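Colleague:
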Amino acid sequence: MLFHISIDANDPQRVATVIAELWQGQVAPFPPVIAGSWVALAGDERGSLIEVYPRGTELVVAEGDADSYGVIRTPASGTATHFAMATSLDTDAVFAIAARENWPAKYRKRGDMFGVIEFWIEGWRMIEVLTPVMQSEYLSAIPGASHALFEAQMKSG
25 MLFHISIDAN
35 DPQRVATVIA
45 ELWQGQVAPF
55 PPVIAGSWVA
65 LAGDERGSLI
75 EVYPRGTELV
85 VAEGDADSYG
95 VIRTPASGTA
105 THFAMATSLD
115 TDAVFAIAAR
125 ENWPAKYRKR
135 GDMFGVIEFW
145 IEGWRMIEVL
155 TPVMQSEYLS
165 AIPGASHALF
175 EAQMKSG
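Residues 25 to 181 (the working numbering) are what the sequence shown spells out, left to right.
#1: Among ALA110, ARG79, PRO53 and ARG149, which residue has its Cα nearest to the Cα of PRO128?
#2: Taking THR98 as the reference, give the member of ASN34, ILE166, SER164 and TYR131 with the closest Cα.
#3: Quick one, which of VAL153, GLU142, PHE138 and GLU152 has its alpha-carbon nearest SER160's?
#4: Measure the C-alpha to C-alpha separation of ALA76 and ARG124 and round it to an integer number of angstroms.
#5: Who pairs with ARG132 in a beta bridge, going by DSSP?
#6: So which of TRP62, THR103 and VAL57 has the shortest CA-CA distance to SER84?
#7: Output the distance between the C-alpha atoms of GLY80 and ALA44, rounded to the nearest integer angstrom.
#8: Is DSSP giving THR81 helix, strand or coil here?
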């Protein structure tokens, strides 16, 4: 189970605020790693959260008995990092948020198994937003598919 993930963004406060809205959670400044960071809190029983750092932030190992910290490096034009998140909002509400922010969003069916909304934060980072209906599809499809894939990999190698 994942409890939190960190991503970077051009406007961390705005991105964290939108993610918190999708969760119907809260947003707060999060300066321990690097100034200008924000965090979206789901408000669920697991304490799920997403840390949003300024674009180009890289985490580095601190010397001695100290926490890791962030430094800004030249940002790439895109990223492979993405995540899927649950929302209690319906499809129309998710698309309304994307339209308000002027960010691309579209419904996609993944392998004829479950639907997601590709929600393109700032137009360059994709997150997959799953409404309650999509979450049911996902939970019906993925546990069995994940187990079958794991078994196939174990047999082949």
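Even for Gly, the Cβ is constructed at its ideal location relative to N, Cα and C. Here the structure is a predicted model, which means the values were calculated and not measured.
Modeller: In short, the structure shows the following:
#1: Position 104 of the sequence shown, counted from the first residue, corresponds to residue 128. Taking only the C-alpha atoms, the option nearest PRO128 is ARG149.
#2: The residue given as residue 98 occupies position 74 in the sequence shown. Nearest C-alpha to THR98 among ASN34, ILE166, SER164 and TYR131: ASN34.
#3: Counting from one through the sequence shown, the residue named residue 160 turns up at place 136. Of the candidates VAL153, GLU142, PHE138 and GLU152, the one whose C-alpha sits nearest the C-alpha of SER160 is PHE138.
#4: On the sequence shown, residue 76 is found 52 positions in, with the first residue counted as 1. On the sequence shown, residue 124 is found 100 positions in, with the first residue counted as 1. Here the sequence assigns Val to residue 76, which means Ala is not the residue at that position. Cα to Cα, VAL76 sits roughly 20 Å from ARG124.
#5: On the sequence shown, residue 132 is found 108 positions in, with the first residue counted as 1. Paired residue(s): VAL140.
#6: Locating residue 84 in the sequence shown gives position 60, counting from the first residue. Here the sequence assigns Val to residue 84, which means Ser is not the residue at that position. Nearest C-alpha to VAL84: VAL57.
#7: Here the question's residue 80 lines up with position 56 in the sequence shown. Here the question's residue 44 lines up with position 20 in the sequence shown. In a straight line, the C-alpha of GLY80 is about 22 Å away from that of ALA44.
#8: As a working note, residue 81 is residue 57 in the sequence shown. Per DSSP, reduced to three states, the secondary structure at THR81 is strand.
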